[in-house]
Amino acid sequence: MLRNSYVVLVFGLLNLLLVGCKSNNVQVIQAPKLAIMAEGERLSPYQLNKRFLATIKQNGIMGASSFIDADATLRHYKEAYDSHAEVSGEVFTKGLLKGLKSLDTLGEFNYLGTDEKGEGFWQSFYRFETDEGAFYFHLVWRDGRYLTDVKFESLSESVLGFAAIANSQAKLEKPQQEIFAKIIASLMRKDFVQAQSQLNSLSDAAKENVLLQVSLWKLAQATPSNESHSFVDELAKIIKPEDRTNIGWLQYYKRKKAHRQALELLNDAPDILKRDPFYILEKSAIHLEVGDYSAVWRGIHDLFYLGGEDFINYVFAAQLAINMKEFEYAVEILSVAEEKYELNFLKQDLVELDDGVEFVNSSAFKKWRGNS
Numbered sequence: 017m018l019r020n021s022y023v024v025l026v027f028g029l030l031n032l033l034l035v036g037c038k039s040n041n042v043q044v045i046q047a048p049k050l051a052i053m054a055e056g057e058r059l060s061p062y063q064l065n066k067r068f069l070a071t072i073k074q075n076g077i078m079g080a081s082s083f084i085d086a087d088a089t090l091r092h093y094k095e096a097y098d099s100h101a102e103v104s105g106e107v108f109t110k111g112l113l114k115g116l117k118s119l120d121t122l123g124e125f126n127y128l129g130t131d132e133k134g135e136g137f138w139q140s141f142y143r144f145e146t147d148e149g150a151f152y153f154h155l156v157w158r159d160g161r162y163l164t165d166v167k168f169e170s171l172s173e174s175v176l177g178f179a180a181i182a183n184s185q186a187k188l189e190k191p192q193q194e195i196f197a198k199i200i201a202s203l204m205r206k207d208f209v210q211a212q213s214q215l216n217s218l219s220d221a222a223k224e225n226v227l228l229q230v231s232l233w234k235l236a237q238a239t240p241s242n243e244s245h246s247f248v249d250e251l252a253k254i255i256k257p258e259d260r261t262n263i264g265w266l267q268y269y270k271r272k273k274a275h276r277q278a279l280e281l282l283n284d285a286p287d288i289l290k291r292d293p294f295y296i297l298e299k300s301a302i303h304l305e306v307g308d309y310s311a312v313w314r315g316i317h318d319l320f321y322l323g324g325e326d327f328i329n330y331v332f333a334a335q336l337a338i339n340m341k342e343f344e345y346a347v348e349i350l351s352v353a354e355e356k357y358e359l360n361f362l363k364q365d366l367v368e369l370d371d372g373v374e375f376v377n378s379s380a381f382k383k384w385r386g387n388s
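Everything in the sequence shown is counted per our numbering, starting at 17 for the first residue and increasing by one.
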């Protein structure tokens with residue numbers, strides 16, 4: 017589900033924004049504007065995000081249009097990407113709503129907190145919990161009231177970033193545009209061998225276009241396989257190391273066993289994400305793979321010290337203890353969770369954990385649960 021949503025986000029936004037960047041006459045269908053904030057009203061980041069969540073819960077994703085101002089978004093785009101852009105801000109409204117709608121298919125928005133950049137410029141972080149781990153994104157707020165961008169942490173890009181990619185593609189020479197379109201079509205068909213051949217046909221100038229490099233990389237990453245990995249490896253050769261510093265590159269570095277680079281990406285993540293239990297588990301898993309057990313113990317400590325005593329933190333802490341073969345400590349953690357939340361962990365559920373079979377067959381587990 018998560019991988020399919022990657023593809024929907026990437027291709028949908030590229031297609032939408034490429035059309036929008038070619039025309040200033042883009043029809044945008046919006047929900048009726050609501051009186052979200054009274055004149056002169058000032059909300060804290062928490063209050064603003066709470067109101068945002070309440071609005072989309074009541075009115076659906078189209079209700080988010082009440083927080084979007086086309087002029088504010090266009091100003092943000094020009095500041096961040098292209099000060100000379102000739103495009104209507106209305107196209108970004110449609111892009112933001114489409115991005116939010118795609119995110120809405122993943123599940124409930126879990127608000128993590130807001131990083132205040134000053135002058136009413138805020139980044140509010142959210143997370144989805146999926147079978148493949150955490151999917152992070154953040155909303156960009158300007159002037160303490162306007163939603164001007166949505167950034168997908170796991171894709172290393174935002175709605176406005178996709179607009180910049182699309183606009184950059186449109187500025188290529190016609191033959192290069194056609195080759196780029198063919199690569200996109202090949203990636204859509206998951207024909208990575210053909211895509212790699214077409215990649216080699218791009219001019220050096222086109223290959224050096226950072227936005228195009230990254231867009232192709234994202235599309236290939238969305239459908240992991242041996243063939244897509246080969247395409248990504250070829251792309252990585254032409255992408256400068258300094259452009260591989262976003263958390264979206266994490267899976268690439270993990271696959272390449274480049275543990276130092278993977279940890280550097282995680283260490284450079286926003287502080288709000290560093291307190292998230294999924295982030296802590298991800299980082300601890302890398303420490304576990306390289307045998308740094310002292311760092312794994314720090315991860316268990318951080319799950320409770322930074323993440324609090326939510327149920328998921330007990331499960332993740334027990335998982336890390338089991339991975340280290342510290343079965344008695346895992347039993348202790350699970351026992352506390354059972355008492356705190358008045359539940360019983362079923363043996364068949366614990367077997368599903370990493371190394372769960374070894375855990376339930378251990379003497380520590382049998383002492384706790386018996387031989388049943």
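Cβ atoms here follow ideal geometry from the backbone N, Cα and C, with glycine treated the same way. Nothing here was measured: the structure is a model prediction, and the numbers come from that model.
Excluding the 5 residues flanking it on each side, Pro286 has same chain C-beta neighbours closer than 7 Å at Asp131, Phe141, in chain order. In this structure, DSSP gives Arg271 a helical state, which the three-state scheme calls helix. By the 16-neighbour rule on beta-carbons within 10 angstroms, Asn339 is buried.
Close CB contacts of Phe108 within its chain, under the 6 Å cut and outside five residues either way in sequence, are with Thr89 (chain order).
Cβ-Cβ separation between Gly123 and Phe144: approximately 5 Å, consistent with a contact (criterion under 8 Å). Positions of the alpha helix (DSSP H) runs, each at least 4 residues long and wholly inside the segment 46-134, are given as 61-75, 86-96, 106-120 in order along the chain. Counting only runs of 4 or more residues that sit fully inside the segment 252-302, the alpha helix (DSSP H) segments are 266-271, 275-283, 287-290, in chain order.
A direct Cα-to-Cα measurement between Lys256 and Glu224 gives close to 9 Å. Per DSSP, Asp165 lies in no alpha helix (DSSP H); the unbroken beta strand (DSSP E) holding it starts and ends at 162-168. The criterion of a C-beta distance shorter than 8 Å is satisfied by Leu266 and Ala278. With a threshold of 16 other beta carbon atoms within 10 Å, Thr121 falls short and is exposed.
Excluding the 5 residues flanking it on each side, Ser378 has same chain C-beta neighbours closer than 8 Å at Phe343, in chain order. In this structure, the alpha-carbon of Ala101 lies about 33 Å from that of Lys206. Spanning the alpha carbons of Lys234 and Phe381 requires a straight line of approximately 43 Å. Between the alpha carbons of Phe83 and Ser217 lies a gap of roughly 44 Å. C-alpha of Ile195 to C-alpha of Gln214: approximately 7 Å in a straight line.
In this structure, DSSP gives Ser174 an extended state, which the three-state scheme calls strand.
DSSP places Ser379 inside the alpha helix (DSSP H), whose first and last residues are 379-385. Separation of Lys198 and Ala211 (C-alpha to C-alpha, rounded to the nearest whole angstrom) is 8 Å. Pairing Asp159 with Gly136 gives a Cβ-Cβ distance under 8 Å.
Bounds of any alpha helix (DSSP H) do not take in Met340, whose DSSP letter is neither H nor E. Looking at Tyr268, Asn262, Asn360, the one whose alpha-carbon comes closest to that of Glu250 is Tyr268. In the three-state scheme derived from DSSP, where H, G and I count as helix and E and B as strand, Glu368 is classed as coil. The beta strand (DSSP E) runs lying completely inside the segment 317-362 and spanning 3 residues or more number zero. Taking the C-beta atoms as reference points, Tyr127 is found no nearer than 8 Å to Leu64.
Taking C-alpha positions only, Ala201 is separated from Ala222 by approximately 17 Å. With 16 or more other CB atoms across the displayed protein chains lying within 10 angstroms of its CB, Gly315 is buried. Under the three-state reduction of DSSP output, Val209 falls in the helix class. DSSP places Ala236 within a helical segment (H, G or I) once states are collapsed to three. Here Val175 is near Gly111, since their CB atoms are less than 8 Å apart. Beta-bridge partners of Ala150 (DSSP): Glu145. Short of 7 Å from the beta carbon of Gly105, and not among the five residues preceding or following it, lie these beta carbons of its own chain, in chain order: Ala86, Asp87, Thr89, Leu90. In terms of Cβ geometry, Ala236 and Phe208 form a close pair [threshold 8 Å].
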